[in-house]
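Residues in the sequence shown are numbered from 617 upward in steps of one, following my numbering. Before any comments, here is the structure.
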Amino acid sequence: MSRIARNSRPLVLVNAWDAGSARTVQQAGAQAIATGSWSVAAAHGYDNGEALPFSLVLSNLQRIYNHVDLPITIDIESGYGRSPEIVKENVIKIIESGAVGINIEDQCMDGTGLYSEEEHAFRIAAVRIAAEHTSIPLFINARTDIFLQASANEHNKAHVEAALQRAHVYAEAGAHGFFVPGLCNEKHIESLCRQSPIPVNVMISPESPSLHRLVALGVARISCGPHPYLHVMNALKQASFRSLALQELQT
C-alpha cells in the first residue's frame with residue numbers, strides 16, 4: 617500500500633463490501649481493494665457505526681483475502697474500542713486476517729463527537745505498535761470527521777485549520793495518510809493538500825469536484841465510499857421491478 621501511495625498518480629479506490637464485489641473490482645483493473653464500513657454493514661443487514669459484530673468484520677475480510685490477489689485496506693471505523701490497548705488487539709486481528717492497510721476515524725461511537733487530537737493520536741500509535749508486532753508494513757489512513765460535523769456549505773477556513781492541526785498530530789503518531797470525508801470545496805481541498813504533512817484522501821460525492829479536478833488539486837487518494845454499493849442496489853431494484861412486472865403480465 618505504501619508503494620502504491622507513492623505513485624505519481626492518485627489511487628482510486630472503488631469500495632467493495634464482500635468477496636464477490638471485491639473480485640469484480642479486481643477484474644476491472646483496480647490496484648488495491650478497499651472496503652467501506654457503511655456498505656459492508658448494509659450488505660450484512662446492520663447499521664453503520666460499529667453495529668456489525670467484529671467477528672463478521674474479520675470473517676468478511678478473510679473471504680475477501682481468499683478471493684483476490686491485490687492488497688486490501690479495510691475501514692475499521694473507530695477501531696471497535698476506545699482504549700489504545702483494545703484498538704491494538706483488534707488491529708492485530710485485522711492484519712492476521714489479511715489487511716495491509718486500514719482507515720481509523722476520530723469519531724466517537726457513543727455520539728459525543730470527535731476524540732481529542734491527543735486521544736486519537738494515542739490510538740493511532742497503538743495501530744502502529746500492532747503493525748510492528750506483526751512485522752507488516754501497515755498503511756495507516758487516519759480519518760477525521762471534522763467535515764461531517766457541518767454541511768458542506770458551512771465549511772470554512774476554521775474547519776480546514778482544525779483539520780490541518782489533526783493531520784500534523786496524526787502524522788507524528790504514525791499515520792501515513794489523512795482521510796477527510798465530506799470535504800467538497802475546491803479551495804479548501806487545495807489548501808489542505810498543499811499544507812498536509814501526509815497525503816490527503818477524499819471521498820467522492822455528488823457535490824465533490826470531478827476526478828480530474830481532484831487530481832489537479834493535489835489529492836493523493838480518492839475513495840468512492842458507499843456509492844458503488846448504492847449503485848448496485850439501485851440496479852438490482854430496477855431489474856427486480858422489470859422481472860416482477862413481466863411476471864404480472866404472464867398471470
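Idealized CB from N, CA, C, for every residue including glycine. Computed from a predicted model, the values in this text were never measured in an experiment.
Under a Cβ-count criterion, where at least 16 other Cβ atoms within 10 Å of its own Cβ denotes burial, should Arg759 be classed as buried or exposed? By the neighbour-count rule (16 or more Cβ atoms within 10 Å), Arg759 is buried.
Taking the beta strand (DSSP E) that Val818 belongs to, which residues open and close that run? Val816 to Met819
Skipping 5 residues on each side, what residues in its chain have a beta carbon closer than 8 Å to that of Ala766? Once the five neighbours on either side are set aside, the close Cβ partners of Ala766 are His775.
Chain-order list of residues whose beta-carbon lies under 7 Å from that of Cys809 (same chain, five-residue window excluded): Val816, Leu833, Gly834 and Val835
C-alpha gap between Arg782 and Arg837, whole angstroms: 18 Å
Taking just the CA atoms, how far does Asn769 sit from Ala646? 33 Å
On a CA-only basis, which of Leu686, Gly665, Glu712 and Pro626 is nearest Tyr571? Give me that one, please. The structure shown does not extend to residue 571, since the chain is modelled only from 617 to 867, so the question has no answer here.
What are the uninterrupted segments assigned as alpha helix (DSSP H) that are 4 or more residues long and contained completely in the segment 639-717, given in chain order? 653-659, 670-683 and 700-712
Does Asn850 come out as helix, strand or coil in the three-state DSSP assignment? helix
Which listed residue (Tyr845, Ala789 and His804) has its alpha carbon closest to that of Val796: His804
Can you round the beta-carbon distance between Asp691 and Gly652 to whole angstroms, since I take them to be within the 8 Å contact cut? 5 Å
Three-state secondary structure assigned by DSSP to Val628: strand
If you follow the beta strand (DSSP E) that Phe795 is in, where does it begin and where does it stop? Gly793 to Phe795
Beta-carbon proximity list for Leu677, same chain, < 8 Å, skipping 5 on both sides: Thr651, Ile688, Ile690, Ile710, Ser713, Gly714 and Ala715
Asn719, DSSP secondary structure in three states: strand
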